[in-house]
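Take any residue in the sequence shown, count from 1 to its spot, add 117: that is its number in our numbering. C-beta atoms are modelled at their ideal positions from N, C-alpha and C, and glycine is treated no differently. In this text, all values refer to a predicted model and were calculated from it rather than measured experimentally.
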Amino acid sequence: MMKKSMLTHIALAGALLACAGAAQACCPDGGHGAPAASAGLGESLPKARNLALDPTWRIYEFSRDGVTYLQINDVAGTVRAAVGRVNDTLWVLPMGADVARVTLPAKGAGTSGSVVYQTSGFVVRVVPGGSGGNSWEISAAD
């Protein structure tokens, strides 16, 4: 009887470990959000999930070789801006209609605008502009 109970416990532990590995492969961020796409950066309609909080925008996250990329599109599919990130270092990619109006405020710096995207990695704010167009504030999440 004790041998059967021990075998049951071992089988259960093995099954749980197998599930944990599958979950990590699916969702390396711990399951807090959709896994980032690995292709499609720069496309007007990438095959990636729209992660924007505001229906006016389409925000996509991509990941490749340890670098996370964020792309902002409008509803028509025009690429507005894109950034890359490794750890706490962000940089603006030279693409998008609003590339000249993207700022990367330092942590703790004053910010304005409406939050349109927020995860454990990024916070994106849009600052409505006049005839010059919208500005974007993109920062690493705290």
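- [ ] Mark residue 246 as exposed unless 16 or more other C-beta atoms lie within 10 angstroms of its C-beta, in which case mark it buried.
- [x] The count along the sequence shown starts at 1 and reaches residue 246 at position 129. Residue 246 should be labelled exposed.
TODO: If I'm right that residue 178 touches residue 170 with Cβ under 8 Å, what's the distance once you round it to whole angstroms?
DONE: Working through the sequence shown from its first residue, we reach residue 178 at position 61. Working through the sequence shown from its first residue, we reach residue 170 at position 53. Going by Cβ atoms, the distance from residue 178 to residue 170 rounds to 13 Å, so no, they are not a contact pair.
Open item on the list: Alpha carbons only, please: which of 226, 219 and 258 is nearest the one belonging to residue 234?
Closed with: Residue numbering aside, residue 234 sits at position 117 when the sequence shown is read from its first letter. Answer by Cα proximity: 258.
Open item on the list: Given this structure, state the Cα-to-Cα distance separating residue 238 from residue 248, to the nearest angstrom.
Closed with: Here residue 238 corresponds to residue number 121 of the sequence shown, with the count starting at 1. Here residue 248 corresponds to residue number 131 of the sequence shown, with the count starting at 1. So the alpha carbons of these two residues sit roughly 31 Å apart.
Task: N- and C-terminal bounds of the beta strand (DSSP E) containing residue 187 - done: Here residue 187 refers to the residue found at position 70 when the sequence shown is read from its first residue. It spans 184-191 - the beta strand (DSSP E) in which residue 187 sits, taken as one unbroken run.
- [ ] Let me know the secondary structure DSSP gives residue 166 once reduced to three states.
- [x] For the purposes of this step, residue 166 is taken as residue 49 along the sequence shown, with counting starting at 1. Coil, per DSSP.
Open item on the list: Looking at the secondary structure, which residues open and close the beta strand (DSSP E) in which residue 201 lies?
Closed with: Taking the sequence shown and counting its residues from 1, one reaches residue 201 at position 84. Run containing residue 201: 196-203, per the beta strand (DSSP E) assignment.
Task: residue 184 beta carbon less than 8 Å from that of residue 198 - done: Against the sequence shown, residue 198 aligns to sequence position 81. Against the sequence shown, residue 184 aligns to sequence position 67. A distance of 8 Å or more separates the beta carbons of residue 198 and residue 184.
Open item on the list: If you reduce the DSSP assignment to three classes, tell me which class residue 257 lands in.
Closed with: Working through the sequence shown from its first residue, we reach residue 257 at position 140. Residue 257 falls in the strand class under three-state DSSP.
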